[in-house]
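Quick notes on the structure that follows.
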């Protein structure tokens, strides 16, 4: 009997549904609109309908499913405690509702945790027992695999690396605190630092004539040799490096995987990131840790699909 | 058959040897001089002789022993990779040598890890699966219990909380980096911050007339109402609070236990520490975590003795 893994990655706009083989090969892929305004009951109905159609086409049924969401998840209750992108779904029993609709067990997990599982189980082939994944986008999330198991902590919140303080009292973060990693290496922080540098060094960069200063624009300018854009990514790499220094001192992982949209700019920031790590005097943990950039896209959905195959629910 | 746990806590000056019952009751306690200058072979001989005598007196023999040391330990090799206080013992096969002398398995562990085990298994009665202990002294060490097991990471270095960066670019730490937690909340940092405040506010404090400014002196002055001394401990509490914020975001523990000499000053810094934690917007992990001060002395030796009873070696 060939088992099928089923992963659902709910974003603020789109929800991806992935059916995979045990080796992680994609068997079917569907996308549905999340439409948070229609409410969670409508979302569950539409997702369940797509999954039933997908499984008819496949001629096979998954034993269970994993739903990955961006936010603070109560894993045991299958509830989103806090989800800025889909706040309409907060406190709704997502796990139970989807489980009833699909007539099988459903686990709800943080999407960064599932990205970490993808990195551990698929990209790294389970060769490294301790893996921390950073998902770099608007926010910076994190997922933690320790001794070959997903580690979620006392309330399912472990690995919230984006809000670790690296420059206490520094730049204001969306969470209300100052000096969080996210306030130095999230999408908004890349743009903010570009604006600050352009103001400090007027006339040096062609970027100053642009209205849009999205990370993509700044990456293209850096690749074309723009000095301010290059400086922005150097600073992002240093801040990420400091965050990773803390992760290494606390978790002592074998591998740290950078995932999410911003990780595509890694060639622009990896050098300054590694320079920060080389300065640390504790040789054993810093000599061991490898920094990898995720090759796989849709880490959340793929990780969720693989994770659904993991444990008897 | 009543089992005996055997723990050896090697400090830079003294080494404590503890035989305990399975419930953690002390059966025998001995202290030997570490005398690092005499070299590790002499140390092993003297410790083994004391243990043999102790066990004759007890009429029972421990099946195995755990040696706790301050420093970076290669657990699988039973070797001290880095130990500032007993550098003469670095790279010596301590575990193997003591195992041969005692004719039984010996595990070498970091002393903060054993303090964490003591907190988990003895003080908290194994009721909380995720516990992080901070040992506050000259350095700030850490030990991590996750899902009821000691977590040591890829190279045995997990939980090195003292060198996590909280104010990157800030005060210089003994490790060579700037802005480590230890540089704001270790013993030397307490004294340094007192000197800085005394210089900034001359004539305000009776402490300015003292030659010695050890943490004990500053604690006594604070209890007597000295405004500068009180301000020092307030600042120490804030820095510790920031370190704990990072620990909570990464490990999401049930309990954080403050141990070591400086933790005795907790009544002077706990209020400002808790104020920092209350400001965090992630309610689930910060609502869950309890901050406790270790009541047990000799946490390292007791934790090691209890840990020796844990696993089949």
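Chains as they are written, first to last, in the numbering used here: chain A, 186 to 498; chain B, 186 to 498.
By construction, the Cβ of each residue, glycine as well, lies at the ideal position given by its N, Cα and C atoms.
Can you tell me where the alpha helix (DSSP H) with residue i in it begins and where it stops?
i                     : result
residue 476 (chain A) : Premise fails: residue 476 (chain A) lies in the beta strand (DSSP E), 475 to 478, not in any alpha helix (DSSP H).
residue 420 (chain A) : 412 to 436
residue 337 (chain A) : Premise fails: residue 337 (chain A) is in no alpha helix (DSSP H) and is neither H nor E.
residue 378 (chain A) : 372 to 385
residue 287 (chain B) : 279 to 287
residue 456 (chain A) : 451 to 463
residue 490 (chain B) : 484 to 492
residue 232 (chain B) : 225 to 243
For residue i, is the classification buried or exposed, using 16 other Cβ atoms within 10 angstroms of its Cβ as the cut-off for buried?
i                     : result
residue 350 (chain B) : buried
residue 466 (chain B) : exposed
residue 456 (chain A) : exposed
residue 385 (chain B) : exposed
residue 435 (chain A) : buried
residue 365 (chain A) : buried
residue 323 (chain B) : buried
residue 498 (chain B) : Confidence at residue 498 (chain B) is low in this model, with a pLDDT of 47, below 50, so its placement is unreliable and no value can be given for it.
residue 187 (chain A) : exposed
residue 201 (chain A) : buried
residue 340 (chain A) : buried
residue 415 (chain B) : buried
residue 199 (chain B) : exposed
residue 399 (chain A) : exposed
residue 307 (chain A) : buried
residue 486 (chain A) : buried
residue 249 (chain B) : buried
residue 480 (chain B) : exposed
residue 207 (chain A) : exposed
Could you tell me the distance, in whole angstroms, from the CA atom of residue i to the CA atom of residue j?
i                     : j                     : result
residue 212 (chain A) : residue 316 (chain B) : 42 Å
residue 221 (chain A) : residue 373 (chain B) : 54 Å
residue 448 (chain A) : residue 359 (chain A) : 20 Å
residue 279 (chain B) : residue 267 (chain B) : 13 Å
residue 433 (chain B) : residue 432 (chain A) : 12 Å
residue 311 (chain B) : residue 450 (chain A) : 45 Å
residue 225 (chain B) : residue 262 (chain B) : 16 Å
residue 313 (chain A) : residue 328 (chain A) : 15 Å
residue 444 (chain A) : residue 320 (chain A) : 5 Å
residue 260 (chain B) : residue 397 (chain B) : 39 Å
residue 189 (chain B) : residue 493 (chain B) : 9 Å
residue 214 (chain B) : residue 231 (chain B) : 15 Å
residue 361 (chain A) : residue 246 (chain A) : 44 Å
residue 162 (chain B) : residue 419 (chain A) : Outside the displayed span of chain B (186 to 498) sits residue 162 (chain B), for which this structure offers no information.
residue 463 (chain B) : residue 469 (chain B) : 12 Å
residue 271 (chain A) : residue 265 (chain A) : 9 Å
residue 244 (chain B) : residue 344 (chain B) : 38 Å
residue 446 (chain A) : residue 482 (chain A) : 9 Å
residue 503 (chain A) : residue 347 (chain A) : Any question about residue 503 (chain A) goes unanswered here, given that chain A covers just 186 to 498.
Residue range of the beta strand (DSSP E) that residue i falls in?
i                     : result
residue 542 (chain B) : Any question about residue 542 (chain B) goes unanswered here, given that chain B covers just 186 to 498.
residue 444 (chain A) : 440 to 444
residue 318 (chain A) : 316 to 321
residue 327 (chain B) : 325 to 331
residue 195 (chain B) : 190 to 195
residue 250 (chain B) : 250 to 254
residue 557 (chain A) : Past the edges of chain A, shown from 186 to 498, lies residue 557 (chain A), and the structure says nothing about it.
residue 343 (chain A) : First-last for residue 343 (chain A): undefined, no H or E at that position.
Starting from residue i, find everything on chain D with Cβ-Cβ shorter than 7 Å and list it in chain order.
i                     : result
residue 351 (chain A) : In the structure shown, chain D cannot be found, because the protein chains are A and B.
Determine the chain A residues that contact residue i at a beta-carbon separation under 7 Å, and present them in chain order.
i                     : result
residue 282 (chain B) : Near residue 282 (chain B) there are no residues of chain A at all, since even the closest Cβ is about 21 Å away, more than 7 Å.
residue 257 (chain B) : 467, 469
residue 361 (chain B) : 466
residue 269 (chain B) : In chain order: nothing, as chain A lies at least about 11 Å away.
residue 427 (chain B) : 350, 353
Which residues in chain B have a C-beta closer than 7 Å to the C-beta of residue i? List them in chain order.
i                     : result
residue 344 (chain A) : 435
For a contact meaning CB atoms closer than 9 Å, what does residue i contact in chain A?
i                     : result
residue 295 (chain B) : By Cβ distance, chain A contributes nothing, its closest Cβ being about 11 Å from residue 295 (chain B), past 9 Å.
Using the beta-carbon of each residue, which ones in chain B are nearer than 8 Å to residue i?
i                     : result
residue 315 (chain A) : 338, 339
residue 431 (chain A) : 349, 350, 431, 435
For a contact meaning CB atoms closer than 8 Å, what does residue i contact in chain A?
i                     : result
residue 382 (chain B) : The contacting residues do not exist; residue 382 (chain B) stays about 18 Å from chain A at best.
residue 438 (chain B) : 338, 339
Say yes only if the C-beta of residue i is nearer than 7 Å to one or more non-hydrogen atoms of the ligand ZN, and no if none qualify.
i                     : result
residue 205 (chain A) : Looking at this structure, you won't find the ligand ZN or any other ligand, since it has none at all.
Q. Does the stretch 282 to 291 of chain A touch the stretch 334 to 343 of chain A, meaning 3 or more C-beta pairs lie closer than 8 Å?
A. The stretch 334 to 343 of chain A vs the stretch 282 to 291 of chain A: no contact.
Q: Give a yes or no on contact between the stretch 425 to 445 of chain B and the stretch 408 to 416 of chain B, applying the rule of three or more CB pairs nearer than 8 Å.
A: With a cut-off of 8 Å, the stretch 408 to 416 of chain B and the stretch 425 to 445 of chain B do not count as touching, because too few Cβ pairs lie within range.
Q: Indicate whether the contact test is met: 3 or more Cβ pairs, each with one atom in the stretch 340 to 354 of chain A and one in the stretch 468 to 483 of chain A, closer than 8 Å.
A: They do not touch, by the three-pair rule.
Q) Counting Cβ pairs, one atom from each stretch, are 3 or more of them under 8 Å apart for the stretch 246 to 261 of chain A and the stretch 191 to 211 of chain A? A) With the cut-off at 8 Å, the stretch 246 to 261 of chain A and the stretch 191 to 211 of chain A touch.
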